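These protein sequence lines are chains A and B, in that order.
Residue numbers for the first sequence follow my numbering, so the first one is 4 and each next one is one higher.
Residue numbers for the second sequence follow my numbering, so the first one is 12 and each next one is one higher.
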Amino acid sequence: MTKRKMFFRMITASLVRRRSRMLVALLAIAVGATILSGLVTIYYDVPRQMGAEFRNYGANMILLPEGSGAFDNAEVDAALSKIPAASVVGVAPYRYESVTINEQPIVAAGTHMDGARAASPYWYIDGEWPAASGELLLGKEIAEKLSTKLGAELNVRYALTEEDEDHSDLFVKENSRKMIVAGILETGGSEEEYIYMAMEDLEALTESAGELDVAELSVSGSQAELQGYADSINASLDGVTARLVKRVTQSESTVLTKLQALVLLVTVIVLALTMICVATTMTAVVTERRREIGLRKALGASDASIIWEFMGEGLLLGLVGGLLGACLGFAFAQAVSVNVFSNSIAFRPLLLPITIIVSILVTGLACILPVRSATDIDPALVLKGE
Amino acid sequence: MFFRMIRGAFTRQRGKMLMIALTIALGASLATAMLNVMFDVGDKVAQELKTYGANITVVPKAASVLDNLYEVEGGDAAEGAYLREDELGKIKTIFWAFNIVDYAPFIDTDASLADGREVNVVGTWFNHYMALPTGETLNTGVQNLRTWWDITEGRWLDESQPDDANACMVGASVAAAAGIRAGDSIRLQGPRAGTTLTVVGVYDSGDSADDQIYAPLAQVQKLSNTAGCVSSIEVSALTTPDNELALRAAKDPKSLSASQYETWYCTAYVSSICFQIQEVITDAVASPVRQVADSEGAIMEKTQLLMILITILALVGSGLGISNLVTASVMERSNEIGLMKAIGANDRAITGLVLTEIVIVGIVGAVIGYFAGFGFAQIIGHSVFGSAIEMKAMVIPIVAVLVVVVTLVGSIPAVRTLLRLDPTVVLHGR
């Protein structure tokens with residue numbers, strides 16, 4: 004039998020025959036590795052996932068026409084091309100026009116309802132979002148002023164004017180349209196003072212298409228990234244200026260930094276304590292074998308060969324425990340992600356070798372101290388049990 | 012004899028016992044730290060989210076039609092619909108007064124600068140000092156409600172300095188357009204009176220406030236001749252995320268039964284705080300700013316859930332760690348137990364002996380661990396949130412139960428396995 008074969012036989016035999024102790028050690032390592040891989044995965048994923056939650060605060064970038072005037076959809080699309088499509092959460096173009104309902108002057112906004120819904124998730128709608136053409140969303144203030152109920156039919160009028168040579172408005176004709184109130188909007192902000200309708204309806208009413216006053220963008224990303232997008236839009240496009248909504252971006256970065264620091268610190272403390280826990284368990288398992296070490300030394304084994312054998316065992320345990328833990332940790336991170344953010348998590352391949360290496364290092368370190376102290380002592384003393 | 016054996020175990024096997032105590036202390040400190048942080052994280056995150064500004068606005072009842080729709084008709088459109096300045100202190104006397112973090116009144120008017128440029132002037136509190144009827148004092152105002160403002164020039168207006176009573180802060184767009192710099196004196200002509208103010212600072216807010224001038228409340232009241240009046244109040248309050256009850260109550264508090272009403276009234280829902288503000292301010296409508304209130308609830312819930320799951324992982328981890336080590340340390344004593352059985356000890360005596368040892372070590376470890384864990388929680392609290400984590404009494408029984416259960420779970424099966432073994436086999440060493 005070669006020396007190497009003997010080495011492996013001793014390691015495997017010790018693992019198989021001392022099954023219960025080895026299971027204890029393996030369990031300890033696997034628990035440590037699970038916590039390591041689980042928490043690190045969460046730590047890396049939390050900013051992304053939490054960032055998505057912060058999009059609940061609504062638009063963090065707005066596009067405005069350069070100078071006065073209006074811009075069109077093509078310019079919005081051009082601006083959007085500067086932002087990675089995956090980071091765009093919602094885009095809501097708006098066009099504001101004065102209309103009259105029951106002879107009351109009211110500001111009507113035309114928008115794409117799906118875009119508005121994605122860009123302003125906090126809008127609370129009593130009733131339904133307008134789905135079909137000819138449906139209206141009424142701000143709460145307006146609904147109270149007009150004392151209108153859901154489902155009521157309103158006659159929306161728009162006075163079409165034209166500018167003559169001396170820049171005074173010239174009345175041309177009046178368009179009117181009957182529309183149904185599909186929902187009443189509550190936000191607690193100035194949105195409650197407007198009525199909202201589909202862009203197509205407003206364009207039909209005003210007989211002009213393509214003009215926009217403002218576009219609200221909800222983009223996920225750090226403040227620096229957002230500023231980068233805004234700068235590249237401002238540099239390359241003439242018709243529009245992009246501005247960050249500072250209240251949202253600045254507050255988001257403050258809070259998100261804190262949250263990330265929280266998860267980091269929790270991860271560090273949990274990991275440090277867990278690793279010490281793993282080490283003490285390993286030490287206990289190895290210390291128990293002082294007699295065996297003494298016997299082996301008495302039979303003439305060199306210190307180096309004893310240390311190597313224990314290290315070999317530790318390596319094997321670390322490998323198996325680390326592998327087990329990496330998988331369990333990913334499962335845990337996945338469960339957290341699904342439960343907290345209802346979103347799946349990306350597997351980080353790099354974490355697998357890291358988890359295994361750390362487990363091996365911790366087990367190796369935990370083994371070597373008691374083994375060394377055992378080999379340092381005279382075998383006679385160890386065997387005598389003192 | 013029993014006590015002598017126990018004492019013997021502790022003195023002679025000091026190293027081993029220390030190791031077990033250390034592991035239990037580590038596990039217990041992990042559990043303590045995580046539980047303390049978990050119970051407090053909601054409050055801490057809520058505090059952080061205050062940086063988004065007010066989550067409740069209060070306006071006069073008749074002014075529900077807001078003036079920026081009717082600015083064409085002039086600033087007097089909503090005349091007569093004002094809140095009373097002398098009632099502002101009452102906001103700090105409601106049931107949830109403790110949860111009101113900041114608030115500030117606002118009144119605005121259009122004024123013209125010396126060069127004829129029209130500008131909107133907002134009167135408010137900057138860092139208003141208030142002595143409350145309860146004996147507490149409070150510094151509140153836009154300085155806390157507009158955390159995202161960048162002071163590009165000069166400084167914040169400081170109400171505690173007498174000189175700043177005649178000062179103002181100018182928005183970046185206005186400053187750029189009119190060429191105003193910090194330190195300049197500007198003449199404002201309002202609809203009813205004029206005044207001269209010193210510019211102490213220029214701010215960049217990134218929103219419509221860049222086109223405005225912010226001045227102390229009294230100055231703007233003078234410009235529009237509205238002494239003692241404010242047109243809106245922004246309130247920043249710590250709230251509990253809404254649930255179904257809160258949503259129903261927000262629609263109509265009268266639809267609740269008496270006990271439901273009490274639950275709702277005594278919970279810090281945004282709707283109940285709004286309701287209580289309406290009770291103390293005459294003719295006011297308080298409504299939640301959905302953008303802030305809703306998002307706040309969602310983020311707080313997610314953070315709490317995240318921390319709960321991490322805590323569970325840490326608890327399971329430390330539980331397994333402790334019971335694992337206990338099992339290992341009991342298994343290792345097969346020789347001793349075999350010997351005791353061989354010289355006639357009964358099972359119960361042996362179990363009692365082993366368990367007593369483990370439980371004593373466990374208690375020592377848990378006590379050390381509790382205090383260490385509390386220290387870890389404070390490290391987290393101070394370095395992340397800059398404030399201490401509150402000590403929750405509830406954590407003590409949880410940690411105690413956890414330690415007792417895991418040590419027993421770790422030791423009893425091991426002891427039973429050993430007892431089942433034949434002493435001769437054990438002593439023979441197989």
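In this text, a Cβ means the ideal position worked out from N, Cα and C, and glycines have one as well.
Model, not experiment: these values are computed from the prediction.
Only residues of its own chain outside the window of five on either side were considered, and among them Gly332, Phe335 and Ala336 have a CB closer than 6 Å to the CB of Gly41 (chain A), listed in chain order.
C-alpha of Phe286 (chain B) to C-alpha of Val69 (chain B): approximately 11 Å in a straight line.
Under DSSP, the beta-bridge partners assigned to Gly165 (chain B) are B:Gly212.
Beta-bridge partners assigned by DSSP to Arg51 (chain A): none are found. Counted as a single uninterrupted DSSP element, the stretch harbouring Glu219 (chain A) is not any alpha helix (DSSP H) but the beta strand (DSSP E) occupying residues Val217 to Val222.
In the DSSP assignment, Asn131 (chain B) falls within the unbroken beta strand (DSSP E) covering Glu129 to Thr135. In this structure, the beta-carbon distance from Glu138 (chain A) to Glu195 (chain A) does not fall below 8 Å.
Beta-bridge annotation (DSSP): Gln223 (chain B) is paired with B:Asn131.
Between the region 117–131 of chain A and the region 206–215 of chain A there are fewer than three inter-stretch CB-CB distances shorter than 8 Å, so the stretches are not counted as touching. B:Met318 is the residue among B:Ile333, B:Pro434, B:Ala188 and B:Met318 whose C-alpha sits nearest the C-alpha of Gln263 (chain A). For Pro373 (chain A), the enclosing alpha helix (DSSP H) stretches over residues Leu354 to Asp379. Looking at the DSSP output, Gly191 (chain A) shares a beta bridge with no other residue. Judged by their CB atoms, Cys240 (chain B) and Ile409 (chain B) are not nearer to each other than the 8 Å cut-off.
Short of 7 Å from the beta carbon of Ile14 (chain A), and not among the five residues preceding or following it, lie these beta carbons of its own chain, in chain order: Glu312, Gly315, Glu316 and Leu319. Scanning chain A for C-beta atoms nearer than 7 Å to the C-beta of Gln24 (chain B) yields nothing, as the closest lies near 11 Å away.
For Glu245 (chain B), the closest alpha carbon among the candidates B:Tyr63, B:Gly380 and B:Lys55 is that of B:Tyr63.
DSSP places Ile111 (chain B) in the strand class (E or B) of the three-state scheme.
For Gln24 (chain B), the three-state secondary structure derived from DSSP is coil.
In the three-state reduction of the DSSP assignment, His115 (chain A) falls in the coil class, being assigned neither a helical nor a strand state. Here Gly205 (chain B) is bridged, per DSSP, to B:Gln200.
Close partners of Gly72 (chain A) in chain B (Cβ separation under 8 Å) are lacking, with about 18 Å as the shortest Cβ gap. The beta carbon of Tyr272 (chain B) does not come within 8 Å of any beta carbon belonging to chain A, so the residue lies off that interface. Straight across, the Cα-Cα distance linking Gly182 (chain B) with Ile288 (chain B) is about 31 Å. Annotated three-state conformation of Leu124 (chain B) is coil, per DSSP. Leu149 (chain A) sits in coil when the DSSP states are folded into three classes, being neither helix nor strand. Within the region 146–190 of chain B, the alpha helix (DSSP H) runs of at least 4 residues that lie entirely inside it are, in chain order, 153–156 and 183–189.
One finds Lys249, Arg250, Gln253 and Ser254 in chain A with Cβ atoms closer than 7 Å to the Cβ of Trp159 (chain B), taken in chain order. For Met314 (chain A), the enclosing alpha helix (DSSP H) has its first and last residue at Asp306 to Phe344. Below 8 Å, enough C-beta pairs join the region 122–133 of chain B and the region 224–241 of chain B to call them touching: three or more. Residues of the region 222–236 of chain A with a C-beta atom less than 7 Å from some C-beta of chain B do not occur.
Beta-bridge annotation (DSSP): Ile409 (chain B) is not paired with any residue.
Residue burial annotation: Pro382 (chain A) is buried, with at least 16 other C-beta atoms found within 10 angstroms of its C-beta.
Annotation: Arg22 (chain A) has no Cβ neighbours in chain B at a cutoff of 7 Å; minimum Cβ distance is about 11 Å.
Contacts between Gly61 (chain A) and chain B, judged by CB atoms closer than 9 Å, involve Gln302 and Ser306 in chain order.
For Ala201 (chain A), the beta-bridge partners assigned by DSSP are A:Thr114. Closer than 8 Å to the CB of Ile38 (chain A) there is at least one CB belonging to chain B.
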